[in-house]
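Beneath this line is the structure, given in structure tokens, with notes to follow.
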Amino acid sequence: MDNLTLFKQFAPKAPKKFQEGNNAVIYTRVSSSDQEDNTSLVSQKKHCDLYAQRRNLNVVGYFGGTYESAKTDDRKEFNQLLKFVKRSKNINYIIVYSYERFSRSGINGASIAEELLKKYGVITLAITQELDPTTPSGSFQQKIFFLFGQMDNELRRDKTVTGMKELLLKGYWVWAVPRGYEDLNKGKATQ
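Residue 189 in our numbering sits at position 189 of the sequence shown; the count goes up by one each step and never skips.
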């Protein structure tokens, strides 16, 4: 029993060590098509590029650049980003403007970022919330930012639902007019 090599196959695999490197991808996102026309996407990309230049990072790809709600992580551009990063062997960083641009799904977004770090050695960085997710305190702070994004979504939903209920109680029709009808009282309460 002096030979422990037989037991090594049962030992848990160590997380992938972070490889020193300077290759990064940038992910930008807005929540709705209304925001797509303003400078938010352009601004996010510009600031992420500047951040990469300051840190001497080589940007090898851009993802996002469109509107996708981050309430869930089942997003086309987001999944393309994840697939690219997981298949590439030389990506070290994902750069986002803020962690809510990466995900607003709370612990699920945190799990994705943690898996990228531990399994693939890829660090997710937010330029407006600088921290080091490779340290215990940085990892904890990153998870809190993901949870705040989820909480913000839930608070907005509650406010919206409350406002819609109040308008309905006042007699307003808050949705589109049903097909075949005309809205003769736009903006006026019906009695």
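All residues carry an ideal CB built from backbone N, CA and C; glycine is no exception. Values in this document were obtained by computation on a predicted structure and should not be read as measured data.
Using DSSP bridges, identify the partner residues of residue i.
| i | result |
| --- | --- |
| V96 | A126 |
| A24 | V59, Y93 |
| G64 | T28 |
Measuring straight from C-alpha to C-alpha, what distance separates residue i and residue j?
| i | j | result |
| --- | --- | --- |
| K118 | A176 | 48 angstroms |
| L24 | F78 | In the sequence on display, residue 24 carries Ala and not Leu. About 15 angstroms. |
| R87 | P178 | 48 angstroms |
| I94 | D152 | 23 angstroms |
| G21 | K165 | 53 angstroms |
| K163 | C48 | In the sequence under discussion, the amino acid at residue 163 is Gly, which differs from the Lys named in the question. Their backbone Cα atoms lie some 36 angstroms apart in a straight line. |
| E154 | L168 | 21 angstroms |
| P133 | F102 | 14 angstroms |
| V59 | T5 | 42 angstroms |
By the three-class DSSP mapping on this structure, what secondary structure does residue i have?
| i | result |
| --- | --- |
| I91 | coil |
| Y120 | helix |
| V30 | strand |
| G180 | coil |
| Y172 | coil |
| S69 | coil |
| D49 | helix |
| R54 | helix |
Could you tell me how far apart the beta carbons of residue i and residue j are, in whole angstroms, since I believe they sit closer than 8 angstroms?
| i | j | result |
| --- | --- | --- |
| T194 | Q53 | Summary: the structure shown does not reach residue 194, with the chain confined to residues 1 through 191, and so no result is reported for it. |
| S105 | T128 | The Cβ separation is near 19 angstroms, so there is no contact. |
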